[in-house]
Amino acid sequence: MIPETLEYIDNQLLLIDQTRLPAEVVTFRCDSVEHVHDAIYRLVVRGAPAIGIAAAYGVCLAERGCRNAYLAAMDYLATSRPTAVNLFWALDRMRARLEGCASDHELHDALVHEAITIHNEDREMCRSIGIQGASLLRNCHCFLTHCNAGGLATSTRGTALAPIYQLYEEGKKVEVFADETRPLLQGARLTAWELSQAGVPVTVLTDSMAGGLMRSGKIDAVIVGADRIARNGDVANKIGTYPLAVLAHYHRIPFYVAAPTSTFDVSLETGDAIPIEERNREEVAYQGERLVVPVAANVMNPAFDVTPANLITGIITEKGSLRAPIQSIESEFVSVMD
Ligand code: MRU
1099 MIPETLEYID NQLLLIDQTR LPAEVVTFRC DSVEHVHDAI YRLVVRGAPA IGIAAAYGVC
1159 LAERGCRNAY LAAMDYLATS RPTAVNLFWA LDRMRARLEG CASDHELHDA LVHEAITIHN
1219 EDREMCRSIG IQGASLLRNC HCFLTHCNAG GLATSTRGTA LAPIYQLYEE GKKVEVFADE
1279 TRPLLQGARL TAWELSQAGV PVTVLTDSMA GGLMRSGKID AVIVGADRIA RNGDVANKIG
1339 TYPLAVLAHY HRIPFYVAAP TSTFDVSLET GDAIPIEERN REEVAYQGER LVVPVAANVM
1399 NPAFDVTPAN LITGIITEKG SLRAPIQSIE SEFVSVMD
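Just add 1098 to wherever you are in the sequence shown, counting from 1, and you've got our numbering.
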């Protein structure tokens, strides 16, 4: 069973609390804009598409029928995390819906309807990426992935994991190697959890093992998600994605990115312009309660890095796949958006 990451029931947003997985499966209930902001900021809900869906529902929790309260909610939710463009994309859709609604009495229903539409479109997107990706990766059995770009990061089947679920359901032999993904361990805690829930064989490795594993010849393809893709095809994704792409290039292993077109940001020329979230030192300096970095030492904790387009074999979207050399097909990016 692939889990339902988000549900909107009786004017509450219910989230699987991803900070508690895999030890406990607990629901986090949001009944205010502030709760949703907190949930996104603390990674109770995370992954670019899921953040967008959560923010859309979050807007609906503002004071009912009050145009200014909805607008303030949009501005506030936009401050929750900076890198995943899906957050801003979803909030822009909510704003457009609000602006297109003449009557304040109808605002609430119109906004809830838009959020549900975004959520449903995401399910379709996951399904489509799964089908497109499975046909592209038909001859691959062993996949390496990073962070979590699965059902927990979206409405349901994920982006990077969607083709793997598809192949598995078609009866193909698949095996996944999941980088643990320091410092917050989305690979170990979340990817390994959801794949094992679904019955897909998964092995967790420390991030530093990826090179050795590739050298052993075991990996057929690397597949990851994305938080933002610039016009030239540069991809921001979880910190550690770029070194994986370099390693894959060296070992001649195909490196795929799976992402919806809502992750494209054609307003940015290159990945250099993508804002990279810097998170707090405690995430690196502590393992649970235990201090693992001396107090006097500095810590770097960027949540994402940028992989240049020339290291990417293909980008799998819900509207089709873009193949290397990606830098030379900028116009295809734009046509995929239409
Ligand atoms: O910090 P996170 O856990 O939100 O980072 C998530 C990722 O980097 C995912 O790979 C990305 O959002 C794509 S999710 C389909």
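No residue lacks a Cβ here, since even glycine has one placed at the ideal position from N, Cα and C.
For D1403, the number of other beta carbons within 10 angstroms of its own is at least 16, and it is reported as buried. Partner residues in a beta bridge of E1102, as assigned by DSSP, do not exist.
Per DSSP, the continuous alpha helix (DSSP H) segment holding A1137 begins and ends at 1131 to 1139. Judged by DSSP in its simplified three-state form, P1120 adopts coil rather than helix or strand. In this structure, A1286 lies away from V1298, with their beta-carbon atoms at least 8 Å apart.
By alpha-carbon distance to S1233, the top candidate from I1372, L1265, E1292 is L1265. Within the same chain, Cβ atoms closer than 7 Å to the Cβ of M1312 are found at L1345, A1346, H1349, I1351, the five residues on either side in sequence being excluded.
Under DSSP, I1107 forms a beta bridge with Q1110. Annotation for T1415 indicates a beta carbon at 7 Å or more from all heavy atoms of the ligand MRU. Taking each of G1231, T1254, E1204 in turn and checking the Cα distance to I1216, the smallest one comes out for T1254.
In this structure, the CA atom of Q1295 is about 36 Å from the CA atom of P1423. Bridge partners of K1417 according to DSSP: none are assigned. Residue range 1319 to 1322 is occupied by the beta strand (DSSP E) that includes A1319. Distances from the CB of K1336 to the heavy atoms of the ligand MRU include at least one below 7 Å. Taking C-beta atoms as the reference points, R1329 and V1364 count as a pair closer than 8 Å. Secondary-structure assignment with DSSP links Y1354 through a beta bridge to I1321, G1412.
The DSSP-derived three-state label of I1372 is coil. Ranked by how close their Cα comes to the Cα of L1283, the residues A1401, H1211, R1127 have A1401 in first place. For the pair of segments examined, the segment 1312 to 1328 was found to touch the segment 1228 to 1243: the number of CB pairs separated by less than 8 Å reaches three. Of the residues assessed, K1271 falls on the exposed side of the cut-off, its CB having fewer than 16 other CB atoms within 10 angstroms. Rounded to the nearest whole angstrom, the C-alpha separation of A1154 and R1221 is 15 Å. Between the ligand MRU and the CB of R1144, the shortest heavy atom gap is smaller than 7 Å. T1411 is positioned such that its CB atom lies no closer than 8 Å to that of A1357. DSSP, reduced to helix, strand and coil, places L1196 within a helical segment of the structure shown.
Cβ atoms of V1333 and G1369 come within 8 Å of each other, at about 7 Å. By the neighbour-count definition (other C-beta atoms within 10 Å, threshold 16), D1325 is a buried residue.
When secondary structure is reduced to three states using DSSP, L1259 falls in the coil class, being assigned neither helix nor strand. Its chain contains P1281, L1282, N1399 as the residues whose beta carbon lies nearer than 8 Å to that of E1381, once the 5 sequence neighbours on both sides are disregarded; these appear in chain order.
By the C-beta density criterion, G1256 is buried, having at least 16 other C-beta atoms within 10 angstroms. Per DSSP, the unbroken alpha helix (DSSP H) holding R1221 starts and ends at 1205 to 1234. Here S1178 is not near L1189, since their CB atoms are 8 Å or more apart.
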